[in-house]
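Okay, so here's the structure we're looking at.
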Amino acid sequence: ADGTCNADGCVANLGRNPVAPGGRPARELYGPGAHIDTLASFDVSVVFGLSGRLTVTLSQAGAMLRVFDSSTAGNFPAAQRRPMSEADVAAWVRALADGMVL
Numbered sequence: 007a008d009g010t011c012n013a014d015g016c017v018a019n020l021g022r023n024p025v026a027p028g029g030r031p032a033r034e035l036y037g038p039g040a041h042i043d044t045l046a047s048f049d050v051s052v053v054f055g056l057s058g059r060l061t062v063t064l065s066q067a068g069a070m071l072r073v074f075d076s077s078t079a080g081n082f083p084a085a086q087r088r089p090m091s092e093a094d095v096a097a098w099v100r101a102l103a104d105g106m107v108l
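Written out as structure tokens, the structure reads:
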């Protein structure tokens, strides 16, 4: 990625802000020794819904952390969060229909 953001902002950047959307300190959720310990391997699950919904979840030894959900996407703090725009969802659905490749 080139570090740029779309019209809805940079939606999933744990650590950029000290407090995560749920109000917990980000360092407790993701990083060395955290809920998802970045000193050990962890799994990343990405779910693409045909309705345009997207979720990204990290998991490690039974611990799970959802780091992105398009239904509540937006920049932190939580007061600025909002779902992806209808135009962004429509573009997402078109990309899926065209056989998007990651």
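Everything in the sequence shown is counted per this note's numbering, starting at 7 for the first residue and increasing by one. Where a beta carbon is used, it is the ideal one built from N, C-alpha and C, also for glycine.
In this structure A40 is buried. Its beta-carbon is surrounded by 16 or more other beta-carbon atoms within 10 angstroms. Three or more Cβ pairs drawn from the region 38-54 and the region 65-75 lie within less than 8 angstroms of each other, which places the two stretches in contact.
Taking every protein chain shown into account, the CB of A26 has 16 or more other CB atoms within 10 angstroms, so this residue is buried.
Taking the C-beta atoms as reference points, L60 is found nearer than 9 angstroms to D75.
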